[in-house]
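Written below as C-alpha cells is the structure these notes are about.
Protein chains: 2
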Amino acid sequence: MGKDPYFRSETRENLLFKRLKEVEEKVERLSLLSRLGQILNSTLDHQEVRKRAIEAATQLMRAEAGSLLLLDEKGKHLFFEVALGEKGESIRKVILDIDKGIAGWVAQNGEPLRVNHPEKDPRFFKEIDDRIGFKTRNLLCVPVRVKDRILGVLEAINKKDEKEFNEEDLSLFLSLANQVAIALDNARLYQEMEEMFFQTAESLADAIEKRDPYTGGHTRRVTQYSLAAAKYLSLRPEELRLLKMASVLHDIGKIGIDDQVLRKPTPLEPHEFDLIRKHPKMGAEIIGHIKQLKEIIPGVKYHHEYINGKGYPEGLIGEGIPMIARIIAVADTYDAITTDRPYRKALSKETAISELKKGSGTQFDWRVVEAFLQAFHSGEI
Amino acid sequence: MGKDPYFRSETRENLLFKRLKEVEEKVERLSLLSRLGQILNSTLDHQEVRKRAIEAATQLMRAEAGSLLLLDEKGKHLFFEVALGEKGESIRKVILDIDKGIAGWVAQNGEPLRVNHPEKDPRFFKEIDDRIGFKTRNLLCVPVRVKDRILGVLEAINKKDEKEFNEEDLSLFLSLANQVAIALDNARLYQEMEEMFFQTAESLADAIEKRDPYTGGHTRRVTQYSLAAAKYLSLRPEELRLLKMASVLHDIGKIGIDDQVLRKPTPLEPHEFDLIRKHPKMGAEIIGHIKQLKEIIPGVKYHHEYINGKGYPEGLIGEGIPMIARIIAVADTYDAITTDRPYRKALSKETAISELKKGSGTQFDWRVVEAFLQAFHSGEI
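Just so you know, the protein sequences line up as chains A and B, in that order. Number 196 in our numbering belongs to position 196 of the first sequence; there are no gaps in the numbering. Take any residue in the second sequence, count from 1 to its spot, add 381: that is its number in our numbering.
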C-alpha cells in the first residue's frame, strides 16, 4: 500500500492543503497586524496609544486579556495597565517591582518569554492574579523596545479556546511590540514638545508679571481656575486646549506697560488707566503673526469685555464675546480679588465669590459664574 | 486519460502547489510591508518620512522608481519628489498643476489608478518624463489620505523584469499609502508644535526687548547670526537645535531690568550697570525649572563671559565657557554694534567686524570669530 502512487499523491495533497491553510491564516494575521499598526500610529496621545496597544495585543493573539507594563524613569518599577479583554471592560492600574514576576524578568533581560505552564515557572508571580482576580493559564510576554531602550513589556494572557501559544504567535507578537514601541515613543516626543511650549510660555508670562512683585503666579492660577470651571461647561477637548493656551498668554500684553504704571500704589491717572487698558490688544498683537496661535487671539484680546457691553477694548456684547474670553474673565477677576495688589491687600475668597455673583449677568456670563461656583464648591478652586 | 485518478490528482496537486507559492509570496510581501511601516513611523522628521516613503514604494512594488507628490495648501499644485530608484540617487523636485497628469487626476478624484499602458491613457502627462529624462512603461498611483483629507499621491513606476502591475500590487500599495499618510501627518503635527514653541518664544523675547525701542528684532537677528556662524563650526544637529533655543531665549532675563535703566540715554551708574549684569543669571532662573530646557541654561547664563575670564556672571575661562555661549557672545556683540542704542546710533558692519577681530582670543573664541567671518563673507550675515 505504501508504494501505491494514488495513495502517495493523496497524502502529499493533504499535506499541501494543510500547509496552504496555515499560510493563508498567516496572511490574514499579517493583514490584521498591518491594520493594527495603522491604528496604533494614528494618534499622538500617549494614553490612547497605551489603550490601543492592549486592545491590539488581545485581538492579534486571540487572547482573553492583554496588558502593557511600562518602566518608570528610574527603571525600578513597572506600571501595569491590564485590560481583561472580553471578561471585563475596566483597565486597572497596578505597580510592580522590576524584580518580580515574568514581566519583570522580560523587562530586565530584554528577552521574550512564551509560558504555557506558569504554575511551573518560578518567575511567575501569582499574587498579581490574586490581586486582579484573574487566572493565568498561559502567556506571551515580550519587551517593548525602541532604539535599544526598553520602555516596558507587552503581554497576551490566556489563548482562547483552551489553546496554547505557539512559536508563530510569539514571532507575530514581537512585530506588534515593535510597532507599539514606535507609537509610544512618538507620542512621548510630541507630548514633551507640547509641555516645553506650555512651560516656556508660562515661565515668560510669569516673568512678565514679576516686574510687579504683587502678581507672581497669576498666570498659573488663572489657567488652573479656567480649566477647573471649564469642566462644568462641557467644552470639547480642542476647546480646552485653546482655553489653556489663551489663559497662559492672556496677560502677555502687559510687557508693553511701563513698570511705574504697573507698580503704582496709588490710584491711576486717566492716561495711565488708558495705558493699562491697552494690554489685551497688545497681547493679541504679540501673538498675532503666529499661525498656530491664531485661534486663541480672541481669548487674549477679549478677556476684559463685559457681557453688557461695558468692557474693553471693543465693548462686545453677550454671545459676541468668545466663550474662552468669558471664562478667562471670571478666573482673572477671582484671582485679582484674592491676591495682594499694589494698592490694596488680598481680599477673602468669600468676598471674591460674592463679587462674581454680583457681576453675574452684567459683567460676566452667568453660566460661567455658575460653573466657577461648582468648581469652587467641589474644592477644585 | 482524463479519468485516470493519478493524473487528476497530479493536476490538483500542481494547482495547490502553485496557490501555495502565491500565498507564501504574499506572506513575504506583507512582512516587508510591516517592516517598511515601522521604518516610516520611526521618525517625526517630515523630510525623512518623505524620503523613506519613496524608498518603500520602490522596494515593496519592485519598481524602477517611486515618487511622492504632495498637495500644496491651496490644493492647486502637487510638489513632486521623484526618486529614480536604482537608476539614480538624486531626488529631483518638480511642481505640477493639479489638473495635469495621472497624479493630478488621482489627487483630485481620490481614486487609485493602475496604468499598464500610459501612452494610451489621455491623462498621462508625457512632459514629466521628458523633463526628468525617464521613460514610464507602467505605473501605480494611489491617493495618500488621512482622515478624509488628501495629502497627495504615491507612485510606483515601471515594474521590474519587464512585468506589469497586477491587482495584488495595487492592494498592497494602498496599504503602504495609508501608512505613509499616517507618518506624514504625525511629522506635520510634531513640526507644527515645534514651530509654535519657537515662534512664541521669539515673540515674547521680542516683546521683552521692545520695552527698549532701540532693540527691536535683536533676538531674531542673534539667532540667525548664531546659526549662520555655526555652519562653519561643524556642530551636530542636536547642538544646532540647542543653539537655536538658547539664542531665542538668551536675553529673556532682561524682563527683570527696570524700563528706566534699559532705556537710559546717558552712561549708566555703577549700580545700574550691576543690574544689567544680572540678566544672564535671571534668564537662567526663568527657564531653570523647565525639564526640556535644562540643556540650554549654560547658553543663556554664559553669553557674556569672556574667553580670558573677564566676563560675567562667573568669570569662566576658555573652554570652560560652553561652545553655545561662545557663539551667542559673538553674534550678540555684532548685533549690538550694528544697531541703534539708547546712547548712540548704529555703527557700520565694518566697524563691528573689526571689533570682533580685535576681541578674538581675549573676549571671543578665535574659532568662533573665524566662523563668523566666513559666514559674513559668504553673505549669510
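Each residue gets a CB set at the ideal place from its N, CA and C atoms; glycine is no exception. Since the structure is predicted, the reported quantities are computational estimates derived from the model, not experimental observations.
Taking the Cβ atoms as the reference, T743/B lies roughly 7 Å from I688/B, within the contact range of under 8 Å. Secondary structure at E155/A: strand, using DSSP grouped into helix, strand and coil.
Against chain B, the CB of Q59/A has no partner CB under 8 Å away; the residue lies outside that interface. The beta carbon of M323/A does not come within 8 Å of any beta carbon belonging to chain B, so the residue lies off that interface. The contact set of L44/A on chain B, defined by CB atoms closer than 8 Å, consists of N567, L570, Y571 in chain order. Taking V368/A as the centre and dropping the five residues before and after it, the same chain places the C-beta of R326, I327, V330 closer than 6 Å to its C-beta, in chain order. Apart from sequence neighbours up to five positions away, the residues of its chain that approach L623/B with a beta-carbon distance below 8 Å are E676, I677, G680, I705, ordered along the chain. In this structure, T338/A and K345/A do not form a Cβ contact; the two beta carbons are roughly 11 Å apart against a cut-off of 8 Å.
With a threshold of 8 Å between beta carbons, K662/B makes no contact with chain A. Here Q260/A is exposed, its C-beta having fewer than 16 other C-beta atoms within 10 Å. At a C-beta separation below 7 Å, K26/A has these neighbours in chain B: V408. Counting the other CB atoms within 10 Å of its CB gives L15/A a total below 16, which places it among the exposed residues.
Of all C-beta pairs linking the segment 525 to 544 of chain B to the segment 500 to 512 of chain B, fewer than three are shorter than 8 Å, placing the two stretches out of contact. Every unbroken stretch of the alpha helix (DSSP H) spanning 4 or more residues and falling wholly within the segment 448 to 503 of chain B is given here in chain order: 482 to 490. Inclusion of L78/A and L70/A in the CB contact set at 8 Å is warranted, their separation being smaller than that value. Excluding its 5 nearest sequence neighbours in each direction, I317/A has C-beta neighbours in its own chain below 6 Å: G309, listed in chain order.
Apart from sequence neighbours up to five positions away, the residues of its chain that approach P524/B with a beta-carbon distance below 6 Å are V487, G491, I531, V534, ordered along the chain. In chain B, no part has a C-beta under 9 Å from the C-beta of N166/A; the shortest such distance is about 16 Å.
Judged by beta-carbon spacing, I286/A lies within the 8 Å limit of S584/B, meaning their Cβ atoms are closer than that value. For P143/A, the enclosing beta strand (DSSP E) starts and ends at 139 to 146.
I633/B places its beta carbon 8 Å or farther from that of I671/B.
Within chain B, the residues placing a beta-carbon under 7 Å from that of F17/A are L397, ordered along the chain. Here DSSP, grouped into helix, strand and coil, assigns R131/A to helix. Contact check between the segment 400 to 415 of chain B and the segment 17 to 28 of chain A: three or more CB pairs, one atom from each, fall below 8 Å, which counts as touching. Membership of L570/B in the alpha helix (DSSP H) is indicated by the continuous run 548 to 591.
G664/B and D713/B have their C-alpha atoms spaced approximately 15 Å apart.
In this structure, P280/A keeps its C-beta atom at 8 Å or more from the C-beta atom of P322/A. Secondary-structure assignment with DSSP links I531/B through a beta bridge to R526/B. By the Cβ test, the segment 165 to 182 of chain A is not in contact with the segment 551 to 566 of chain B, since fewer than three Cβ pairs between them sit closer than 8 Å. In the DSSP assignment, H250/A falls outside any alpha helix (DSSP H) and carries neither an H nor an E. When the beta-carbon positions are compared, V629/B and T647/B stay at least 8 Å from each other. The beta-carbon of R12/A is placed less than 8 Å from the nearest beta-carbon of chain B. Taking the beta carbon of F197/A as reference, the chain B residues within 8 Å of it are M574, M577, F578, T581, listed in sequence order.
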